[in-house]
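The listed protein sequences correspond, in order, to chains L and F. With my numbering applied, the first sequence corresponds to residues 1 to 387, in that order. With my numbering applied, the second sequence corresponds to residues 388 to 684, in that order.
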Amino acid sequence: MKTRTIPLVSSFLSCTLLLGPTGLSAADSKPIKIGALFSITGPASFLGAPEEKTSRMFVEKLNASGGIGGRKVELIVRDTGGNPEKAVSFARQLIEEHQVCGIIGPSTSGETMQIKGLCEENKTVLVSCDSSEVIVNPVARYVFKSPQKDSQAILWIFKTARGKGIKRFAVLSSNDGFGSAGKKQVEELAKTEGMEILVNEVYDKAATDLTDILTKVKSKAGVQAVVNWSIVPAQSILAKNMRQIGLDIPLFQSHGFGNPRYVKEAGSAAEGILFPAGRLLVVDELPDGHPQKALLAAYKKEYESRYKEDASTFGGHAYDAILVLTEALKKAGSTEPEKLRAALENLRNVPGTAGIFNFSPTDHTGLDMSAFEMLTVKNGKFTIYKP
Amino acid sequence: MESGALTLQYLLSGITKGSIYGVVAIGFNLIYSATGVLNLAQGEFVMLGGMLAVTLAYYTPLPVAIVGAVLLVAMIGCLLEWSLFRRLPRHSVLQLIVVTIGVSIVIQEAALHIWDEKVRSLPYFTGNEVSSVRIMGAVISPQVLWVLGTITVAVAALHVFLKYTLTGRAMRACSANPEAAMLAGINIRNIRTLSFGLSAGLGALAGCVISPITMTHYEMGGGLAIKGFAAAILGGLGNPIGAVLGGLLVGVLEAGSVRYLPAAYNDVTAFAILLLVLFVRPHGLFGRPTGEAVREH
């Protein structure tokens, strides 16, 4: 097998290099190659799995409707298992061997930061599916990301809390990349937003029970709300334990709570949880004229009927990543790196699942505060929080 | 909360965690006692038990699903021993342990492909996610009482089995002196297969009762195995009651540590004390110096 593919690949590579088919004309029948790195398995699989499914669905649909300028798109997906080393070697493979014009993913910030430099060096456009601010701040010319920023999620939490007259928090986070990045941001923004952190605890991401930490929160006088930054299963265990020990204060979760499945896992303990998220989860509540409504409803329906599972905001990040990349390809009319990069940087008013994208040379996220909505759980369903 | 109730709440929280470690440790122990192997795939049996029960619960009532899951995993345990461990000629214990690591990776990957990466759970056996039992101002989830009840029944049943049945006695004989047992006409290979099946079944049962609390996903086995192993070591390898008490002690130490130190240190505290205990009593709190307590029953 190996001996057969290697000459094929190399002869293909030399063809590509010699002829340099960078234009996007129908005469060029070679597919446009886009790489995708997702942690389809491993600890971040709750992100990677829906991302992979979404991106495959997107590309299939795009090709069925004629591709880009008559050329089909070929998506080359690699499973990193959430491992930064694997992300690096797969990114190298995608860039050097497959000569992709751009990469979507990876799913996590750790992996993204490891390949940021690599993409920059090789002039390959990267659209990450992780929300961490460090990916785009400082701006790297070839690196973009599709989800809303962490800091915007925290600002939404503080804004909502202020409306409820809450100023003193217990901040709990898991000891993984997601938890510690969130914790750091919460600490920094609490200072500038005039919020007070009375309890600040980190727990093991594989924790089986969190009653002890919540007992500590309960015994600390003056705590008005809990902010929790972790992913499943800890975020559901925490919600259950809070209700079990009768800690009746509001619970704010991160945007990592954006999957209807987690509500099912936490059962009645999920009632009243507040968290910022994109509008995918509440598409039915949007007014008919909303610019994202049609797109969100179509994506949700298609995903759910095809994969028989709830659509989540995480899959939406991959949808947006490949959407902005393909829009930029259409606009640039070329896979030439510099042209593609410039086209992406100048995309305006592109509605995606997370919000309306408006990129600029200084903003490689393209989303503002309005991309989030504060959601809550009512009768086992997500709904827009109305103070 | 007043101080007394607060202390009790930390204690109950520790018991919640500890009961989980303890119930995992029982299965660890049995295989070790009968074969001398530290089965590092024990956590995977726990995971498989939970996964299978969740799947079966779609089609059958909960008790049937649990019994079905336990039997299935017990069969898997027997099959593993029969197909792998039995075939290793003149194996050393170390080789066997390495094999168990391989087995655990294979089971984990298989679970990922059979099911998926998602988190599942069984429903609470009584009450639901928010219900709790009140004890003198502190609260505990009713599911923890189910875990403690399961532990009690499992330990008692093991005791009766090992002490009063012919097969149980044969198992103890194999553990005490394999050569002598063989000369006495005991089929030592079948006894080993049985002990694997029994441990796997116990692990699966643990996986079912803890599923509502911890939830079940394909990667949960590793973490549970480490804590269960620590519990078994602390209690004294080979002693089922010791394993349970060791588990409870690790849990209570963790919870107590949270009260006075940042929660991030709870593993450090628990393991520091574990090390101290092992310096003073290398065979664990309740273990015999040889570590083969099954025969002493």
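All C-beta atoms, glycine included, are put in the ideal place defined by N, C-alpha and C.
Residues that residue i contacts on chain F, provided the C-beta gap is smaller than 8 Å
i	result
residue 385/L	None at all; the shortest Cβ gap to chain F is about 21 Å.
residue 192/L	None at all; the shortest Cβ gap to chain F is about 24 Å.
Residues bridged to residue i [DSSP beta-bridge criterion]
i	result
residue 374/L	276/L
residue 174/L	203/L
residue 126/L	103/L, 143/L
residue 331/L	Its beta-bridge partners do not exist; DSSP assigns none.
Where residue i falls: helix, strand or coil (DSSP)
i	result
residue 493/F	helix
residue 203/L	strand
residue 252/L	strand
residue 424/F	coil
residue 573/F	coil
residue 512/F	coil
residue 454/F	helix
residue 189/L	helix
residue 136/L	coil
residue 598/F	helix
residue 389/F	coil
residue 360/L	strand
residue 74/L	strand
residue 196/L	strand
residue 444/F	coil
residue 549/F	helix
residue 169/L	strand
residue 21/L	Its pLDDT being 47, under 50, residue 21/L is placed unreliably by the model, and the measurement read from it follows with that caveat. Reduced to three states, the DSSP call for residue 21/L is coil.
residue 228/L	strand
residue 351/L	strand
Rounded Cβ spacing between residue i and residue j (contact assumed at less than 8 Å)
i	j	result
residue 669/F	residue 545/F	Going by Cβ atoms, the distance from residue 669/F to residue 545/F rounds to 25 Å, so no, they are not a contact pair.
residue 43/L	residue 606/F	7 Å
residue 118/L	residue 92/L	7 Å
residue 324/L	residue 127/L	6 Å
residue 144/L	residue 364/L	5 Å
residue 657/F	residue 641/F	5 Å
residue 423/F	residue 480/F	5 Å
residue 263/L	residue 380/L	6 Å
residue 223/L	residue 251/L	Their Cβ separation, rounded to whole angstroms, is 12 Å, which puts residue 223/L and residue 251/L out of contact at 8 Å.
residue 332/L	residue 254/L	The Cβ separation is near 35 Å, so there is no contact.
residue 271/L	residue 377/L	6 Å
residue 424/L	residue 273/L	Because chain L here runs from 1 to 387, residue 424/L falls outside it and cannot be looked at.
residue 73/L	residue 34/L	6 Å
residue 622/F	residue 672/F	6 Å
residue 571/F	residue 561/F	The Cβ separation is near 10 Å, so there is no contact.
Chain F contact residues for residue i, given Cβ-Cβ distances below 7 Å
i	result
residue 380/L	Ordered by position in chain F, no residue passes the 7 Å Cβ test against residue 380/L, which lies about 11 Å from the chain.
residue 244/L	517, 519, 526, 528
residue 265/L	506, 508, 602
residue 390/L	Absent from the structure is residue 390/L, since the part of chain L shown begins at 1 and ends at 387.
Chain L contact residues for residue i, given Cβ-Cβ distances below 9 Å
i	result
residue 649/F	200, 201, 202
Proximal chain L residues relative to residue i, where beta-carbon distance stays under 8 Å
i	result
residue 407/F	208, 209
residue 491/F	Under the 8 Å cutoff, chain L gives no residues; its nearest Cβ is about 15 Å from residue 491/F.
Where residue i meets chain F, residues with beta-carbon distance less than 9 Å
i	result
residue 216/L	397, 645, 646, 650
residue 175/L	651
residue 33/L	Simply none; closest approach about 27 Å.
residue 269/L	515, 516, 517
residue 132/L	What residue 132/L touches in chain F: nothing, since even the nearest Cβ is about 21 Å away.
residue 184/L	Residues of chain F passing the Cβ test: none, with the nearest at roughly 14 Å.
Proximal chain L residues relative to residue i, where beta-carbon distance stays under 7 Å
i	result
residue 642/F	212
residue 610/F	206
If you measure beta-carbon to beta-carbon, which residues of the stretch 390 to 403 of chain F are closer than 8 Å to chain L? Per Cβ criterion, the list reads 393, 396, 397, 399, 400, 401, 403.
Any C-beta of chain F within less than 7 Å: which residues of the stretch 298 to 317 of chain L qualify? With the criterion set as a beta carbon lying under 7 Å from some beta carbon of chain F, the stretch 298 to 317 of chain L has no members that meet it.
Of all the residues that make up the stretch 448 to 476 of chain F, which are near chain L by a beta-carbon distance shorter than 7 Å? So the list is empty, because no residue satisfies the distance condition.
Positions along the stretch 355 to 368 of chain L whose CB lies within less than 9 Å of some CB in chain F: Hits within the stretch: zero.
Check distances from the C-beta atoms of the stretch 224 to 238 of chain L to those of chain F and list, in chain order, the residues that come in under 9 Å. Within the stretch 224 to 238 of chain L, the qualifying residues are 232, 233, 236, 237.
If the cut-off is 8 Å on Cβ atoms, which residues from the stretch 574 to 601 of chain F count as contacting chain L, listed in chain order? So the close ones are 597, 600, 601.
What residues from the stretch 493 to 509 of chain F come within 9 Å of chain L, judged by C-beta to C-beta, listed N to C? Answer set for the stretch 493 to 509 of chain F: 496, 499, 503, 504, 505, 506, 507, 508.
In chain order, what residues of the stretch 44 to 66 of chain L put their CB closer than 7 Å to some CB of chain F? So the close ones are 45, 46, 49.
For the stretch 415 to 435 of chain F, which residues have a beta carbon sitting closer than 9 Å to at least one beta carbon of chain L? If the cut-off is 9 Å between Cβ atoms, the stretch 415 to 435 of chain F has nothing near chain L.
Any C-beta of chain F within less than 7 Å: which residues of the stretch 149 to 164 of chain L qualify? For the stretch 149 to 164 of chain L, there are no residues whose beta carbon sits under 7 Å from a beta carbon of chain F.
Residues, ordered as in the chain, of the stretch 552 to 575 of chain F that lie near chain L by beta-carbon distance below 9 Å: Within the stretch 552 to 575 of chain F, no residue has a Cβ that lies closer than 9 Å to any Cβ of chain L.
Output, in sequence order along the chain, the residues in the stretch 271 to 283 of chain L whose CB is closer than 9 Å to any CB in chain F. Residues 271.
Just by C-beta distance, which residues in the stretch 66 to 93 of chain L are closer than 7 Å to chain F? When CB distances to chain F are screened at a threshold of 7 Å, not a single residue of the stretch 66 to 93 of chain L falls below it.
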